[in-house]
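In my numbering, the protein residues as written are 7 to 151.
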């Protein structure tokens with residue numbers, strides 16, 4: 007009798023977990039749309055190597071990032087088109103790769119993604135010992151109006 011009860015509980019638990027996983031949005035789906043950068047913070051930076059950081063980083067300060075279903079990312083700066091490139095999600099949905107037309111590749115770690123907030127970290131060379139944290143908020147149609 008106890009064994010049957012345990013089997014029923016385990017089956018219900020597995021079914022419940024499967025439904026929750028299936029209903030949750032993937033990072034790819036959550037990423038689609040327009041995002042406005044609201045903060046750019048440098049964490050754990052070796053102050054002596056600040057110039058190296060700026061040389062190796064394509065700064066995206068104050069931009070709007072627009073991700074579309076075709077894996078295109080458009081950068082806007084003050085409503086002017088700045089650049090278009092390709093994007094991809096890697097790993098278990100926690101790595102955002104940006105592929106530039108000149109074959110450069112930038113990798114960001116997705117720290118947090120919700121329907122309204124995106125936090126990504128750009129890991130700089132280990133010799134420089136620094137992390138750039140970019141925080142975005144979603145731009146909705148009501149925000150634009």
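Beta carbons are placed, not taken as given, at the ideal position from N, Cα and C, and that holds for glycine.
Classify residue i as buried or exposed, calling it buried when 16 or more other Cβ atoms lie within 10 Å of its own Cβ.
i: residue 126; result: buried
i: residue 36; result: buried
i: residue 111; result: exposed
i: residue 19; result: exposed
Under a three-way DSSP split, which group does residue i fall into?
i: residue 86; result: strand
i: residue 18; result: helix
i: residue 114; result: strand
i: residue 11; result: helix
i: residue 35; result: helix
i: residue 147; result: helix
i: residue 69; result: coil
Going by the beta-carbon positions, is the gap between residue i and residue j smaller than 7 Å?
i: residue 109; j: residue 103; result: no
i: residue 47; j: residue 139; result: yes
i: residue 116; j: residue 100; result: yes
i: residue 137; j: residue 42; result: no
i: residue 143; j: residue 44; result: yes
Could you check the C-alpha separation between residue i and residue j for me, to the nearest Å?
i: residue 40; j: residue 93; result: 14 Å
i: residue 114; j: residue 128; result: 5 Å
i: residue 17; j: residue 10; result: 11 Å
i: residue 71; j: residue 90; result: 10 Å
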